[in-house]
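Colleague:
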Amino acid sequence: MSDAAIRPHAELPVGAIGSRASGWWAMIFTIFTEGSLFAYLLFSYYYIAAQPHLPGTFPQGGVPSLALALPNTIVLLISSGFVAWAQTGVERNDKKRLALGLLIGCLLGIVFLIVQYFEWAGKSFPLASSPYSSLYFVVTGFHMAHVVVGVLVLAALWFWSRRGYFNNVRFAHVHIGAIYWHFVDAVWIAVFFTFYITPLLGLGA
Amino acid sequence: MSSITDYERMPDVAEAERRGLAQEMQRLWETGPGVRGWLSTVDHKEIGLRYIVTAFAFLIAGGVEALIFRLQLAGPNEHLLTPEQYDQLFTVHGMTMIFLYAGPVLSGFSNYLWPLLLGARDMALPRLNALSYWIYLCAGVFLYAAFAIGFGPNDGWFNYVPLAARAFNGGPNIDFYALGMILLGISTTVGAINFIVTFLRMRAPGMTINRVPILIWGTLTASAANVFAIPAVSLAFFLLWMDRNLGTHFFDTAAGGQALLWQHLFWMFGHPWVYAIVLPAMGMVSDGLPVFCRRPLVGAPAVALATVATMVLGFGVWVHHMFATGLPTISLSFFSAASIIIALPSAVGVFAWLATIWTGRPVFTTAFLFFASFILLFTIGGVSGFMTGSLPVDWQLTDTYFVVAHIHYVLIGINVFPVAGAIYFWFPKFTGRMLDERLGRWNFWLMFAGFNIGFFPMHIAGLLGMPRRIYTYADGMGWDWVNLTITAGSFVFAFGVLLLIANVVRSVKAGRFAGANPWDAPTLEWATSSPPPPYNFVVIPTVGGAHPLWEDRLGTEGETSHTRAGLVLDHGREAIGTTPVDAEPNVILKMPGDSLSPLCLALAATALFVGLLLLAWWLVALSLLGIGASILVWLWPRARLGETAGGAHV
Ligand code: HEM
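The listed protein sequences correspond, in order, to chains A and B. If you read the first sequence in the numbering used here, its first letter stands for residue 158, the second for the next number, and so on. If you read the second sequence in the numbering used here, its first letter stands for residue 3, the second for the next number, and so on.
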């Protein structure tokens with residue numbers, strides 16, 4: 158038996174270490190499957206949008222207004238920025254910055270939800286009125302559900318940060334939660350483009 | 003061995019026989035006693051066996067359903083079943099076999115075998131593994147509850163709209179089916195993620211990507227496909243549930259929705275799924291068959307690549323289930339071509355298995371017979387698939403018994419026969435005892451003869467024009483003798499399966515002792531005792547080739563494997579994490595112990611679906627709270643798992 162063939166070349170880190178943690182990999186593939194879910198949702202939208210429609214039924218009520226949606230998109234992007242700032246903070250062992258970044262990210266997520274609520278409330282049609290209304294509320298609803306989960310994740314991470322659970326070695330949880338949040342934001346870009354921009358480009362009309 | 007607060011460590015190397023080491027490992031890895039231990043275990047071997055046993059229970063249920071409706075069809079104008087009963091029986095049969103048996107039984111084998119084949123202590127995410135099983139069980143019970151109270155799904159397993167819409171199917175049947183399938187999809191998805199992460203992170207040091215057993219490739223490919231495909235069907239069922247209960251118009255053609263959207267979403271999932279329930283089974287044959295030919299698999303790298311290629315192509319053929327829907331010819335031609343090209347990678351496998359038998363010294367055990375006969379059945383099923391993959395032929399044959407023959411040659415041929423072979427092959431590892439070979443011969447020949455007598459004539463029935471999914475037929479159609487033969491053969495086949503179960507039940511207690519490696523096989527699962535201890539390997543094996551236990555006769559390519567000496571990881575439950583391609587150790591992972599969180603989460607998730615079924619919003623809200631609480635407890639950062647500042651404490 159030769160120890161040299163078996164022994165690793167250097168000391169090994171122990172425990173949940175950044176992208177070596179199993180949970181980090183699990184989150185990456187969770188994002189793949191969730192990403193596919195949204196791809197199928199948007200496929201359904203385009204599939205139905207591509208069929209002939211009576212004038213004014215697709216999008217129902219005309220091209221949706223950007224008045225709330227565009228600022229709200231920016232809110233979500235800024236929130237991602239703060240969470241990224243928190244991530245680099247914990248890598249430098251800056252625990253204040255970690256907690257602050259997570260807190261602001263989380264609050265901006267809540268702002269997004271509130272604005273979305275008004276966006277929904279302002280629609281002239283209910284869920285069950287047409288294929289368009291079904292698609293609109295179900296797709297944005299799926300996204301909102303993901304934002305709710307993301308907000309809860311950020312809140313939990315904030316709470317754990319405040320209790321001093323993380324430092325510049327042990328921050329796997331932070332990174333795992335954060336990539337989920339970045340994913341939720343990236344998905345919004347696709348949803349936003351589909352519902353607010355493609356009608357401007359003439360799809361469905 | 004005292005408390006470790008540093009973040010890095012050089013693991014010890016020791017002989018497996020070092021005094022006290024095995025006892026220490028046992029203490030660390032043993033599941034707790036009693037009911038609580040049983041409910042909270044995360045041992046992949048326990049979970050794997052539960053999967054297999056549960057899947058077999060569903061196989062029996064689905065088989066009994068089939069026998070009942072075959073009795074109905076044994077002769078013309080029978081009155082055993084009403085049309086509604088017939089509809090439920092064949093739909094529940096299809097649903098059971100495809101979703102509750104064929105997929106889960108392979109998950110069971112993979113769960114049990116993966117860590118052993120990879121030289122690992124457990125799956126990468128043991129609690130997720132437990133969750134995957136519990137949700138599977140709950141979803142199975144949920145779906146069968148519908149059948150038990152008389153509201154089983156009744157529109158065929160692919161459940162086309164508009165037939166499945168509220169207007170044409172007013173009972174709760176389809177709501178049960180839709181919600182149960184979404185629940186089951188969660189189980190499959192988390193299981194798939196676990197396999198992928200395990201593949202990337204848990205291979206023993208030295209198990210580079212070219213040294214991985216073929217079964218691993220099979221399950222890995224299936225899992226990767228599931229990650230991308232399951233959301234399609236879960237979404238389809240969710241939208242259908244919305245249409246039926248909340249008045250949306252996704253599939254409602256009258257209101258401008260699209261009925262064909264259902265078919266697209268269903269088959270984008272459905273066809274990859276068909277590969278997901280055969281590729282791991284082919285992998286089991288690729289690893290098992292060579293053992294009985296006393297030589298390595300011919301062309302193993304080509305077989306691994308063909309496995310992956312099949313799946314990649316498998317995502318491009320879903321429309322061949324929709325040839326008769328009036329889609330544009332140009333798109334049909336594309337999908338027809340793709341469906342025919344997909345025969346190529348399958349042929350690679352067939353030739354590799356044949357060459358292995360041809361150039362080997364076959365030992366005719368029961369397992370060998372099952373594995374070898376699979377090649378024949380696969381070829382027949384492949385040819386009939388190739389036929390229906392071509393447009394003009396499909397327009398003749400679609401919705402006839404020819405298709406029923408095809409699906410059973412594919413599914414029984416490529417799933418049930420390899421699974422039966424795998425039971426004969428790995429039962430000694432599971433239990434430490436051998437199955438009876440004499441009973442095994444009866445078992446095999448009855449299944450083989452019964453299957454061909456029962457299912458080959460279905461081709462003929464199809465060519466004679468007999469449609470599928472009819473509950474009876476008039477006499478004088480010229481179908482009487484075929485149907486009688488089909489029913490008779492089915493009973494012989496079912497009796498063969500019964501002998502398999504009898505053999506298992508008998509041999510668990512009375513079988514001959516097996517020892518660690520009764521078949522003199524080459525892969526790592528045979529390097530540990532039968533049944534393996536909770537920690538699998540006392541010391542972590544180091545891998546130097548694709549056949550670690552055959553290096554004495556095959557020679558090595560420069561590196562040797564070590565199973566008797568290796569890394570000792572004994573500061574709590576620990577495993578080694580390695581790099582995805584080269585399998586170089588790069589972290590010592592802290593593994594979780596027994597946990598009730600997976601069970602709680604599964605129950606809360608099931609309650610959620612019950613709430614949705616009853617449209618009881620209070621129950622929905624309550625279950626969501628339960629789900630949130632279970633996840634929070636599960637993910638709470640723990641010092642013991644090396645998740646919090648201050649180091650990894652023992
Ligand atoms: C004793 C064994 C079995 C018998 C006698 C049997 C018989 C049948 C028959 C006669 C049908 C056609 C029903 C009809 O169209 O009216 C059928 C459908 C089907 N069977 Fe089986 N089968 C058996 C086992 C299996 C197994 C092991 C699988 C899969 C692993 C399977 C999968 C299916 C599927 C997917 C359908 C289509 C259901 C539908 O049309 O919705 N069967 N079976």
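Backbone N, C-alpha and C fix where the C-beta goes; we use that ideal spot for every residue, glycine too. These figures come from a predicted structure and were not determined experimentally.
Under 9 Å between the Cβ atoms of phenylalanine 197(B) and serine 112(B)?
Modeller: Going by C-beta atoms, phenylalanine 197(B) is nearer than 9 Å to serine 112(B).
Colleague: Just checking my contact of phenylalanine 299(A) with glycine 262(A) at CB under 8 Å: how many whole Å lie between their CB atoms?
Modeller: Actually they are not in contact, since the Cβ atoms of phenylalanine 299(A) and glycine 262(A) sit about 21 Å apart, beyond 8 Å.
Colleague: Compare the C-beta of serine 201(A) against all C-beta atoms of chain B and say whether one is closer than 9 Å.
Modeller: Yes - at least one Cβ of chain B is within 9 Å of the one on serine 201(A).
Colleague: Against chain A, does serine 5(B) count as a neighbour if the rule is that its beta carbon must be under 9 Å from one of theirs?
Modeller: For serine 5(B), the pLDDT reaches just 39, beneath the cut-off of 50, and the residue's location in the model is therefore unreliable, although a value from the coordinates is still provided. Not one chain A Cβ lies under 9 Å of serine 5(B).
Colleague: Can you tell me where the beta strand (DSSP E) holding valine 570(B) begins and where it ends?
Modeller: Unbroken beta strand (DSSP E) run through valine 570(B): 564-570.
Colleague: So if I threshold CB-CB distances at 8 Å, which residues from the stretch 243-256 of chain A count as touching chain B?
Modeller: Correct list: empty, as no residue qualifies.
Colleague: Going by the C-beta, is leucine 73(B) closer than 8 Å to any heavy atom of ligand 1?
Modeller: Checking every heavy atom of ligand 1 against the Cβ of leucine 73(B), none is found closer than 8 Å.
Colleague: Between the Cα of tyrosine 537(B) and those of Leu61(B), Val405(B), Pro117(B) and Leu82(B), spot the shortest distance and give me the residue it belongs to.
Modeller: Minimum Cα distance to tyrosine 537(B) is reached at Pro117(B).
Colleague: Quick check on DSSP: helix, strand or coil for aspartate 342(A)?
Modeller: Of the three classes helix, strand and coil, the one that applies to aspartate 342(A) here is helix, per DSSP.
Colleague: Would isoleucine 163(A) count as contacting chain B if we go by Cβ distances under 9 Å?
Modeller: At least one chain B Cβ lies under 9 Å of isoleucine 163(A).
Colleague: Say whether chain A places a C-beta atom closer than 9 Å to the C-beta of glutamate 559(B).
Modeller: Glutamate 559(B) does not count as touching chain A.
Colleague: Under the assumption that methionine 204(B) contacts alanine 577(B) (Cβ atoms under 8 Å), give the Cβ distance between them as a whole number of angstroms.
Modeller: Correct: roughly 7 Å between the Cβ atoms.
Colleague: Would you call the stretch 41-59 of chain B in contact with the stretch 546-554 of chain B, where contact means no fewer than 3 C-beta pairs closer than 8 Å?
Modeller: As far as the Cβ criterion goes, the stretch 41-59 of chain B does not touch the stretch 546-554 of chain B, which means the pair count is below three.
Colleague: Using three-state DSSP, classify methionine 158(A) as helix, strand or coil.
Modeller: Here the model assigns methionine 158(A) a pLDDT of 47, short of 50, so the residue's position is not dependable and the matter cannot be decided.
Colleague: Would you kindly check if the distance between the Cβ of histidine 266(B) and the Cβ of tyrosine 337(A) is under 9 Å?
Modeller: Against a cut-off of 9 Å, the Cβ pair of histidine 266(B) and tyrosine 337(A) comes out as no contact.
Colleague: Quick check on glutamate 576(B): does DSSP put it in helix, strand or coil?
Modeller: Glutamate 576(B) falls in the strand class under three-state DSSP.
Colleague: Counting pairs of beta carbons, one from the stretch 67-74 of chain B and one from the stretch 91-104 of chain B, are three or more of them closer than 8 Å?
Modeller: In short, these stretches touch, since the Cβ pair count reaches three.
Colleague: Shortest alpha-carbon distance to leucine 82(B) belongs to which of Gly480(B), Tyr473(B), Gly595(B) and Arg575(B)?
Modeller: Ranking the options by Cα distance to leucine 82(B), first place goes to Tyr473(B).
Colleague: Would you mind stating whether leucine 615(B) and leucine 222(B) have Cβ atoms separated by less than 9 Å?
Modeller: Against a cut-off of 9 Å, the Cβ pair of leucine 222(B) and leucine 615(B) comes out as no contact.
Colleague: Below 9 Å on C-beta distance, what does glutamine 260(B) contact in chain A?
Modeller: Per Cβ cutoff of 9 Å: Ser201, Tyr204, Ile205, Gln208 and Pro288.
Colleague: Can you check DSSP and say which residues form a bridge with arginine 246(B)?
Modeller: Looking at the DSSP assignment, arginine 246(B) forms no beta bridge with any residue, so it has no partner.
Colleague: With distance defined between alpha-carbon atoms, name the residue in Trp360(B), Phe353(B) and Met286(B) nearest to cysteine 295(B).
Modeller: Comparing Cα-Cα distances from cysteine 295(B) to each of Trp360(B), Phe353(B) and Met286(B), the minimum goes to Trp360(B).
Colleague: Against chain B, does alanine 335(A) count as a neighbour if the rule is that its beta carbon must be under 9 Å from one of theirs?
Modeller: It does not; no Cβ of chain B falls within 9 Å.
Colleague: For a test of your reading of the model: does the CB of alanine 104(B) fall under 8 Å from any non-hydrogen atom of ligand 1? Yes or no.
Modeller: Yes, Cβ of alanine 104(B) sits closer than 8 Å to a heavy atom of ligand 1.
Colleague: Whole angstroms is fine: what's the gap from valine 15(B)'s alpha carbon to arginine 327(A)'s?
Modeller: Whole-angstrom Cα-Cα distance: 27 Å.
Colleague: Strictly below 9 Å CB to CB, what residues from chain A border phenylalanine 252(B)?
Modeller: Within chain A, the residues near phenylalanine 252(B) are Ser201, Ile205, Pro288, Ser291, Leu292 and Val295.
Colleague: Taking Cβ-Cβ distances below 7 Å as the criterion, which residues of the stretch 140-168 of chain B are in contact with chain A?
Modeller: Against chain A - using a Cβ distance shorter than 7 Å - the stretch 140-168 of chain B contributes no residues.
Colleague: Hey, could you find the ends of the alpha helix (DSSP H) aspartate 14(B) is sitting in?
Modeller: Here aspartate 14(B) belongs to no alpha helix (DSSP H); instead the beta strand (DSSP E) covers 14-17.
Colleague: In chain order, which alpha helix (DSSP H) runs of at least 4 residues are fully inside the stretch 289-350 of chain B?
Modeller: Counting whole runs of 4 or more residues, the stretch 289-350 of chain B contains the alpha helix (DSSP H) stretches 302-316 and 331-343.
Colleague: May I ask you to list the residues that DSSP assigns as paired with arginine 435(B)?
Modeller: DSSP output for arginine 435(B) lists Phe515(B) as bridge partner(s).
Colleague: Can a CB atom of chain B be found closer than 9 Å to the CB of arginine 319(A)?
Modeller: Not closer than 9 Å to any Cβ of chain B, the Cβ of arginine 319(A) fails to qualify, so no.
Colleague: Can you find the residues in the same chain that come closer than 6 Å, C-beta to C-beta, to isoleucine 455(B), ignoring five residues on each side of it along the sequence?
Modeller: Answer for isoleucine 455(B): Gly491, listed in chain order.
Colleague: What residues of chain B sit near alanine 183(A), judged by a beta carbon separation below 8 Å?
Modeller: What alanine 183(A) touches in chain B: Ala126, Leu127, Leu130, Ile195, Asn196 and Val199.
Colleague: Any C-beta of chain B within less than 7 Å: which residues of the stretch 169-194 of chain A qualify?
Modeller: The residues in question are Leu169, Pro170, Val171, Gly172, Ala173, Ile174, Arg177, Ser179, Trp182, Ala183, Phe186, Thr187, Phe189, Thr190, Ser193 and Leu194.
Colleague: How is valine 583(B) classed by DSSP in three states: helix, strand or coil?
Modeller: In this structure, valine 583(B) counts as coil in the three-state DSSP scheme.
Colleague: Where DSSP assigns a beta bridge to proline 469(B), which residues make up the other side?
Modeller: Bridge partners of proline 469(B): Thr402(B).
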